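Numbered continuously in the working numbering, the sequence shown closes out at residue 1393.
Every residue gets a Cβ at the ideal spot worked out from N, C-alpha and C, and that includes glycine.
Quick caveat, the model's predicted, so the values are computed rather than measured.
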Amino acid sequence: MIRSLRLAGSLAAFCASLLAAPGAIAQPFPTRPVTLIVPFPAGGPSDALARAVAQKMAAPLGQPVVIENLGGANGVIGLTKASKAAADGYTISFGGIGTHVANLALYKKLAYDPVADFAPIGPAGAAPMLLLARADLPANDLREFGAWLAKHKDKASYGSAGVGSISHYGCVLLLSSLGQNATHVPYKGVAHLMGGQTDFMCDQPTTALPQIAGGRIKAIAVLSGTRLAQLPRAATAAEGGHALDVRSWNAFFAPRGTPQPVLAKLTGALQQAVADPALRKQMEGLGVDLPAPADATPAAVAALIARGIRDDVPALKAKGHYLD
1070 MIRSLRLAGS
1080 LAAFCASLLA
1090 APGAIAQPFP
1100 TRPVTLIVPF
1110 PAGGPSDALA
1120 RAVAQKMAAP
1130 LGQPVVIENL
1140 GGANGVIGLT
1150 KASKAAADGY
1160 TISFGGIGTH
1170 VANLALYKKL
1180 AYDPVADFAP
1190 IGPAGAAPML
1200 LLARADLPAN
1210 DLREFGAWLA
1220 KHKDKASYGS
1230 AGVGSISHYG
1240 CVLLLSSLGQ
1250 NATHVPYKGV
1260 AHLMGGQTDF
1270 MCDQPTTALP
1280 QIAGGRIKAI
1290 AVLSGTRLAQ
1300 LPRAATAAEG
1310 GHALDVRSWN
1320 AFFAPRGTPQ
1330 PVLAKLTGAL
1340 QQAVADPALR
1350 KQMEGLGVDL
1360 PAPADATPAA
1370 VAALIARGIR
1380 DDVPALKAKG
1390 HYLD
């Protein structure tokens, strides 16, 4: 009897030690809400995409995904915070071509390392950039635009959402390909293009399509290799003689060091989210391409970043725009 009691006591102590040991019995992830840091102000196209996909990720995760908008400095403020978050999967971030590629060229000393500080979860979506012009600009395709720009380069101006924004990034790459220059007017977007204060700009379909449909601005070209269904008459850059593929892409990231099983759970939730038919239809109408579920992988994001660093950062650095 005494021996049985001793054995029972030893077994209880052993079980207690297992429960107390860190990670001995892994808790299922997640057991509480996940915070998604979106390093842009609420209401913009990137924020809209982040919210739409995050909402669909909640069901497979079994927990809500709470958005924390932390905009400013081309995403640096939000991603600096995200890079220092605990690597447990409960704080993830949203970024893209601007935060993980362009900022490497625009900041002499960036507060985070886009490669070393983050573990990709998967891509969220991409949209081709459009070359837009004021409605009365006498050019209807990229060749005509290039000829017009060559004649008016001393006076021509283009607007953007600011230095380092995707609208600035796209036009820098376009001008580099054309071998031309124009005056950059930061923070002068589509409204100023409609008003004629600027001559052209590069922007995403999400914000441009309604203005094009209303005849307030014109679409000169799609700055990628495939025509846009909503703008069947707008030729691609390749059709205009330029090997450009300028697309605004976004992705989800976790802090570097996040355990692989947690990353796998987050990637799986993302893949289920982008497979949702209603979400795909919604994004299609905005000119945003969601990745096929099989392509929504960490490796796909790593390839996008590597390509941008190899091909685009040198062109941006050549323009000499620095933010610090």
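Relative to the C-alpha of residue i, which residue among the options is closest?
i, options, result
"Ala1371", "Ala1347, Asp1116, Ile1286 and Ala1185", "Ala1185"
"Gly1294", "Ala1251, Arg1349, Asp1314 and Ala1154", "Asp1314"
"Glu1308", "Ser1317, Arg1316 and Ile1289", "Ile1289"
"Pro1102", "Gly1158, Ala1111 and Gly1265", "Gly1158"
"Gly1215", "Leu1244, Gly1239, Gly1194 and Thr1366", "Leu1244"
"Ala1142", "Val1107, Ala1282 and Leu1297", "Val1107"
"Gly1264", "Ser1246, Arg1296, Asp1205 and Ala1230", "Asp1205"
"Tyr1238", "Ala1320, Leu1300, Ala1208 and Gln1273", "Gln1273"
"Pro1133", "Leu1335, Ala1208, Pro1301 and Thr1168", "Leu1335"
"Gln1280", "Leu1359, Arg1379, Gly1258 and Arg1296", "Gly1258"
"Ala1387", "Val1331, Ser1246, Leu1297 and Pro1301", "Ser1246"
"Ala1312", "Pro1192, Ile1166, Glu1353 and Asp1380", "Asp1380"
"Ala1193", "Ala1333, Phe1321 and Val1254", "Phe1321"
"Arg1302", "Phe1109, Ile1146, Asp1210 and Leu1105", "Asp1210"
"Asp1358", "His1253, Gly1248, Ala1154 and Gln1299", "Gln1299"
"Leu1118", "Ala1342, Asp1268, Gly1377 and Gly1248", "Ala1342"
"Ala1151", "Gln1351, Leu1105, Arg1376 and Val1241", "Leu1105"
"Gly1377", "Gln1351, Leu1278 and Leu1242", "Leu1242"
Check residue i in the structure and name its three-state DSSP category.
i, result
"Met1126", "helix"
"Asp1272", "strand"
"Ser1229", "coil"
"Lys1237", "The displayed chain sequence assigns His, not Lys, to residue 1237. The answer is helix: DSSP assigns His1237 an H, G or I state."
"Leu1385", "helix"
"Arg1203", "strand"
"Pro1189", "strand"
"Glu1308", "coil"
"Ala1196", "strand"
"Thr1168", "helix"
"Asp1116", "helix"
"Asp1364", "helix"
"Pro1279", "helix"
When the Cα atoms are used, what is the spatial distance from residue i to residue j?
i, j, result
"Leu1130", "Ile1374", "26 Å"
"Ala1090", "Gln1096", "For Ala1090, the predicted structure reports a pLDDT of 43, less than 50, and the residue's modelled location is therefore unreliable. The matter cannot be settled from this model."
"Asn1138", "Arg1120", "10 Å"
"Ala1093", "Gly1228", "Here the model assigns Ala1093 a pLDDT of 39, short of 50, so the residue's position is not dependable, and the following value carries that caveat. If you take the alpha carbons of Ala1093 and Gly1228, they lie about 56 Å apart."
"Ile1136", "Asn1172", "23 Å"
"Val1122", "Leu1175", "29 Å"
"Leu1385", "Asn1250", "13 Å"
"Leu1348", "Leu1179", "34 Å"
"Thr1276", "Pro1114", "7 Å"
"Thr1168", "Gly1144", "6 Å"
"Ala1344", "Pro1362", "6 Å"
"Ala1219", "Ile1286", "21 Å"
"Cys1271", "Ile1166", "15 Å"
"Gln1266", "Ala1282", "20 Å"
"Leu1297", "Ala1111", "26 Å"
"Glu1353", "Pro1346", "10 Å"
"Pro1383", "Met1198", "19 Å"
"Pro1183", "Val1170", "8 Å"
"Gly1233", "Phe1109", "13 Å"
"Ala1225", "Glu1213", "14 Å"
"Arg1203", "Thr1252", "15 Å"
"Lys1222", "Gly1248", "11 Å"
Which residues bound the beta strand (DSSP E) around residue i?
i, result
"His1221", "Run containing His1221: none in the beta strand (DSSP E); it sits in the alpha helix (DSSP H), Leu1211 to His1221."
"Ala1316", "The amino acid occupying residue 1316 in the given sequence is Arg; Ala does not appear at that position. Per DSSP, Arg1316 belongs to the beta strand (DSSP E) from Arg1316 to Pro1324."
"Val1291", "Ile1286 to Val1291"
"Thr1104", "Val1103 to Val1107"
"Asn1250", "No beta strand (DSSP E) contains Asn1250, which DSSP labels as neither H nor E."
"Val1134", "Val1134 to Asn1138"
Just curious, the alpha helix (DSSP H) that residue i is in, first and last residue?
i, result
"Arg1379", "Pro1367 to Asp1380"
"His1261", "Val1259 to Met1263"
"Thr1336", "Gln1329 to Val1343"
"Val1145", "Val1145 to Ser1152"
"Ala1347", "Pro1346 to Gly1354"
Can you check whether the CB of residue j is closer than 8 Å to the CB of residue i?
i, j, result
"Gly1356", "Ala1196", "yes"
"Ala1365", "Gln1329", "no"
"Tyr1408", "Thr1149", "This structure does not reach residue 1408, given that the chain is present from 1070 up to 1393, and the question cannot be answered."
"Leu1200", "Leu1262", "no"
"Ser1317", "Ile1235", "yes"
"Gly1337", "Ala1156", "no"
"Ile1190", "Pro1367", "yes"
"Gly1284", "Tyr1256", "no"
"Asn1319", "Gly1147", "no"
"Phe1187", "Val1331", "no"
"Ala1020", "Leu1292", "As displayed, the chain neither begins before 1070 nor continues past 1393, which places residue 1020 out of reach and without an answer."
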